[in-house]
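Worksheet: the structure to be examined is printed underneath.
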Ligand code: SIN
Ligand code: FE2
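Residue numbers (my numbering): 6 to 219.
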């Protein structure tokens, strides 16, 4: 794993498991297309702090694009075609998002990935995401493709039990993590974000999580 002193080199592929990889800098060529597309999405479906079934407001703000959007409220976690705030379908998935997700999946060994959901997470300093499994999707054959933009973060990649020790993986602007196959249900999360403003995105980190949900 890379230490803080030696930031990784774009183009490197680091294995976190037999079917889990960090693709360093894989999203960099897409950034010019991704950033304006985020602004279009948030005009239609603004970032919001959703409430978990346990009654806590998430420190991460989120929105979605694509046919299905991940939501949570007091009744539970689920995918929905309609944005509960606007009553309208989620914004369409921009072509650059779709292409990035498919190409990253392919580069990690998962051909034929067809994402129908993109959760867009926005982290600000101190935002965190506790360890969880992605298991609201209909089947687990397709991988998860997760893109990092803006401030760096420490991604936690654990095992199949919540108590398993998690690897600490620093993620930088442009990195993509892909996990599937035998690693598809591994616990993961994000440590509280430290304030190191990013030249393009300032004091925030944006994460896209692509899934085949329906
Ligand atoms: C997630 O698990 O939904 C997001 C992971 C990340 O922000 O890197
Ligand atoms: Fe997740």
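Ideal Cβ placement from N, Cα and C applies to all residues, glycine included.
By the Cβ test, the region 188 to 201 is in contact with the region 144 to 164, since at least three Cβ pairs between them sit closer than 8 Å.
Judged by beta-carbon spacing, residue 218 lies within the 7 Å limit of residue 122, meaning their Cβ atoms are closer than that value. Under a 10 Å Cβ-count criterion, residue 205 is classified as exposed, with fewer than 16 other Cβ atoms of the shown protein chains found around its own Cβ. Annotation for residue 180 indicates a beta carbon at 6 Å or more from all heavy atoms of the ligand FE2. Distances taken from the Cβ of residue 151 to the heavy atoms of the ligand SIN include one shorter than 6 Å.
Out of 85, 136, 49, the CA that lies nearest to the CA of residue 170 is found in 136. A contact is defined here as three or more CB-CB pairs under 8 Å, and the region 176 to 186 meets this definition with respect to the region 107 to 126. Placement of the Cβ of residue 141 at a distance of 6 Å or more from every heavy atom of the ligand SIN is found. Straight across, the Cα-Cα distance linking residue 43 with residue 69 is about 10 Å.
The shortest CA-to-CA distance from residue 208 to any of 127, 179, 216 is the one to 127. In the three-state DSSP reduction, residue 35 falls in the helix class (H, G or I).
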